[in-house]
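Numbering (the working numbering), first residue to last: 5 to 326. Every residue gets a Cβ at the ideal spot worked out from N, C-alpha and C, and that includes glycine. No experiment lies behind these values; they were computed from the predicted model shown. As structure tokens, the structure follows; a few thoughts come after it.
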Ligand SMILES: NC(=O)c1ccc[n+]([C@@H]2O[C@H](COP(=O)([O-])OP(=O)(O)OC[C@H]3O[C@@H](n4cnc5c(N)ncnc54)[C@H](OP(=O)(O)O)[C@@H]3O)[C@@H](O)[C@H]2O)c1
């Protein structure tokens, strides 16, 4: 098993670009309808949840043009615009949805540009606080994507142009491997990287190390493994000892695992949102031994970005409650 040293000094916030945000964010993907298509059954519940999140101090949101498509951004715009200067809405571009809802990478510069414009319209804002380019480093490659041969530099170049035009504050990348991250850093300053990393799937560990080295925010998506952390033995004892839920412990572990981690747990329930935010309050109560035991539940030295562990695949196959 790998041995990792954990932060002895815990900071509940992180500087992203020139802004300091609390480290537990909110991932809005589940605010679309079933299969991440269309609107949810109760859009008013989604709006109330987003507003509650801001009231409770959430300042880092995650979304994408492909969620709905566009409906999630429209809900966020309805619920939260005009955004305070202290809020970051991280929006992903570079993917679209096919006729059967399938996820399709499309990183042609014209698509990137029009998706950013669509997002600004849907979010009811003139500037994107953070736009990620969705890459292909955490999947089997680019097969099946539109215009497979578009170089990363050209797609990212479209975002850099829009940043110069004052339409984007910060640029991030999602689904990057170390090589793609290094190439992106040659093009522009990367404020945040989004990859899979949670208790049962450490795929993003190598990129996490690169983010620590270069002080880039690392945003683990599926921080609760979409529910797949349930029943993990190492969560039971700390959850009992601290009288909190196992998801709270799973998020607190992420916060302790690295000072650059900003988790974006998703939920449709206000009670779960509050539970998740509680992670920042109890993170320092986890002992170093508990953090280490949680880290050691997987051997990170064998993790690979393109190989999703069976347990994570199983979690993704389970039907959601939408
Ligand atoms: N970059 C990418 O390619 C990419 C890919 C996928 C997702 N993402 C981002 O990652 C975000 C998070 O992903 P996700 O929402 O799919 O998965 P997740 O955050 O790992 O887990 C969400 C699941 O856990 C449940 N849950 C949340 N809090 C809970 C709590 N306190 N107690 C019990 N259950 C709880 C939710 O159900 P309830 O609704 O019942 O609470 C939901 O089923 C997305 O919203 C999206 O923004 C990015």
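query: Check: residue 251 C-beta below 6 Å from any heavy atom of ligand 3; result: In the structure on display, ligand 3 does not appear, and the ligands it does have are ligand 1.
query: Chain B contact for residue 58 (CB, 7 Å cutoff); result: The structure shown contains no chain B; it holds only a single protein chain.
query: Rounded C-alpha distance that separates residue 50 from residue 93; result: 16 Å
query: Coarse secondary structure for residue 262, derived from DSSP in three states; result: coil
query: Residue 230 beta carbon near ligand 1 (any heavy atom closer than 6 Å); result: yes
query: Residue from 245, 21, 31 and 178 whose Cα sits closest to the Cα of residue 273; result: 31
query: Between the CA atoms of residue 205 and residue 314 - distance to the nearest angstrom; result: 9 Å
query: Residue 279 beta carbon near ligand 1 (any heavy atom closer than 6 Å); result: yes
query: Closer than 6 Å: residue 272 CB and nearest ligand 1 heavy atom; result: yes
query: Assigned secondary structure, residue 168 (DSSP; H/G/I helix, E/B strand, else coil); result: helix
query: Status (buried if at least 16 other CB within 10 Å, exposed otherwise) for residue 7; result: Bear in mind that the predicted position of residue 7 carries a pLDDT of just 43, short of 50, making it too unreliable to give a figure here.
query: Selection from 97, 226, 72 and 134 that minimises the alpha carbon distance to residue 23; result: 134
query: heavy atom of ligand 1 below 6 Å from residue 201 C-beta; result: no
query: Minimum length 3: unbroken beta strand (DSSP E) runs contained in the stretch 199-254; result: 221-225
query: Heavy atom of ligand 1 within 6 Å of residue 33 beta-carbon; result: yes
query: Cβ-heavy atom distance, residue 286 to ligand 1, below 6 Å; result: no
query: Span separating the alpha-carbon of residue 320 from that of residue 230; result: 7 Å
query: Own chain residues within Cβ distance below 6 Å of residue 220, not counting five before or after; result: 194 and 197
query: Member of 137, 178, 154 and 183 whose CA lies at the smallest distance from the CA of residue 172; result: 137
query: Buried versus exposed, by CB contacts within 10 Å (16 or more), residue 125; result: exposed
query: Delimiting residues of the alpha helix (DSSP H) encompassing residue 120; result: 113-127
query: Residue 268 CB to nearest heavy atom of ligand 1 below 6 Å; result: yes
query: Minimum length 4: unbroken alpha helix (DSSP H) runs contained in the stretch 19-73; result: 47-59
query: Own chain, CB closer than 6 Å to residue 294, minus 5 neighbours either side, in chain order; result: 242
query: Within 7 Å, strictly: CB atoms of residue 16 and residue 284; result: yes
query: Straight-line Cα distance separating residue 87 from residue 56; result: 14 Å
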